[in-house]
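These notes are about the structure you will find just below.
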Amino acid sequence: NDTTICFGDCANLLVSGANNSIWESTISLNDTSITNPIACPISTETFTAYGTSGTCSDTAQVTVTVNPLPNVSAGNDLTICFGDTIQINASGGISYSWSPVDSLSNTSIDNPLAWPSDTTEYIVTATDVNSCSNTDTIIINVNPLPIVDAGTSTSICTGDSIQLNASGADNYTWTPSTDLSDPNIADPFASPSIITTYTVTGTDLNGCINTDSITISLHNLPTATV
Numbered sequence: 008n009d010t011t012i013c014f015g016d017c018a019n020l021l022v023s024g025a026n027n028s029i030w031e032s033t034i035s036l037n038d039t040s041i042t043n044p045i046a047c048p049i050s051t052e053t054f055t056a057y058g059t060s061g062t063c064s065d066t067a068q069v070t071v072t073v074n075p076l077p078n079v080s081a082g083n084d085l086t087i088c089f090g091d092t093i094q095i096n097a098s099g100g101i102s103y104s105w106s107p108v109d110s111l112s113n114t115s116i117d118n119p120l121a122w123p124s125d126t127t128e129y130i131v132t133a134t135d136v137n138s139c140s141n142t143d144t145i146i147i148n149v150n151p152l153p154i155v156d157a158g159t160s161t162s163i164c165t166g167d168s169i170q171l172n173a174s175g176a177d178n179y180t181w182t183p184s185t186d187l188s189d190p191n192i193a194d195p196f197a198s199p200s201i202i203t204t205y206t207v208t209g210t211d212l213n214g215c216i217n218t219d220s221i222t223i224s225l226h227n228l229p230t231a232t233v
């Protein structure tokens with residue numbers, strides 16, 4: 008019978024009904040002198056077999072239809088920060104299978120969520136309506152978080168001020184912003200009226216964010232009597 012394969016696959020042919028048979032020569036057949044050669048055409052092709060029994064002869068044909076592989080896309084490579092989650096999107100098929108399975112919300116859909124802890128290459132296999140499959144890859148690059156340091160907690164006397172000094176990032180934001188000379192620099196002056204914990208959010212050039220905190224305690228002023 009005529010048969011259908013996907014591009015890159017092979018089909019087993021079989022001729023019967025004659026004492027001797029050969030196949031018309033073609034580069035798609037592994038052997039034209041046997042009854043059951045293997046056909047590996049790169050496009051739809053019709054194969055002809057010649058059979059003889061005594062002085063009688065006949066021919067038969069079989070067509071192998073070659074379906075193209077689906078044009079599968081896993082999307083462009085992406086970059087995230089450590090701890091982030093991102094959605095990836097594949098196209099080109101009607102069913103999908105992703106690997107590796109770790110850090111994916113669902114390996115059997117076209118658009119799972121991914122949260123790799125380090126740079127990872129994901130491979131998607133997509134199958135089309137003709138049951139032909141193809142693959143594509145996407146790399147998710149994972150940038151580390153900045154190591155933000157707000158300094159060591161300390162104490163001051165009521166009414167005094169102290170200069171904070173954050174490090175490890177490129178841009179900084181302090182909270183709470185009250186009693187700070189400038190909450191958007193690495194080293195503002197703090198003049199808290201009560202014990203206060205300041206949290207600094209640091210952002211690096213990759214847009215990755217991390218935080219650290221420092222607590223400023225207060226010592227009451229002594230009561231002087233003259």
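Residue numbers for the sequence shown follow the numbering used here, so the first one is 8 and each next one is one higher.
Glycine included, every Cβ here is placed at the ideal spot set by N, Cα and C.
Predicted, not measured: the structure shown is a model, and the values here were computed from it.
Excluding sequence positions up to five away, which residues of its chain have a Cβ less than 7 Å from the Cβ of residue i?
| i | result |
| --- | --- |
| N43 | N19, L20 and L21 |
| D38 | P44 |
| A197 | S168, I169, L171, D186, L187, Y205 and I223 |
| N227 | T165 |
| D177 | T210, D211 and L212 |
Alpha carbons only, please: which of the options is nearest the one belonging to residue i?
| i | options | result |
| --- | --- | --- |
| S160 | I221, Q94 and N27 | I221 |
| I12 | A25, T33, I146 and C47 | C47 |
| S115 | D125, S124 and I95 | I95 |
| T132 | G175, N78, S112 and D167 | N78 |
| E52 | D177, N8, S35 and T230 | S35 |
| N137 | F14, I45 and A231 | F14 |
| C17 | C63, V71 and F54 | V71 |
| D219 | S174, P195, I145 and V149 | S174 |
| P107 | N74, I147, N83 and A56 | I147 |
| A56 | S28, I154 and P183 | S28 |
| V73 | N83, I49, W105 and D156 | I49 |
Can you look up residue i in the DSSP assignment and give me helix, strand or coil?
| i | result |
| --- | --- |
| W122 | coil |
| D189 | coil |
| C215 | coil |
| G209 | strand |
| I221 | strand |
| E74 | The question names Glu, yet the displayed sequence has Asn at residue 74. Here N74 sits in strand by DSSP. |
| T59 | strand |
| V233 | coil |
| S106 | strand |
Skipping 5 residues on each side, what residues in its chain have a beta carbon closer than 6 Å to that of residue i?
| i | result |
| --- | --- |
| N26 | S60 |
| P199 | D186 and I223 |
Does the beta carbon of residue i come closer than 8 Å to any beta carbon on chain C?
| i | result |
| --- | --- |
| T161 | You won't find chain C in this structure, because it holds only one protein chain. |
Margin query: Could you tell me which whole alpha helix (DSSP H) segments of length 4 or greater appear in the region 16 to 55?
Written below: Whole alpha helix (DSSP H) segments, 4+ residues: zero.
Notebook entry, point to check: Taking contact to mean at least 3 C-beta pairs separated by less than 8 Å, is the region 108 to 126 in contact with the region 81 to 96?
Noted result: The region 108 to 126 is in contact with the region 81 to 96.
Check: If you scan the region 134 to 186 from start to end, which runs of the alpha helix (DSSP H) of 4 or more residues do you find wholly inside it?
Finding: Within the region 134 to 186, no complete alpha helix (DSSP H) run reaches 4 residues.
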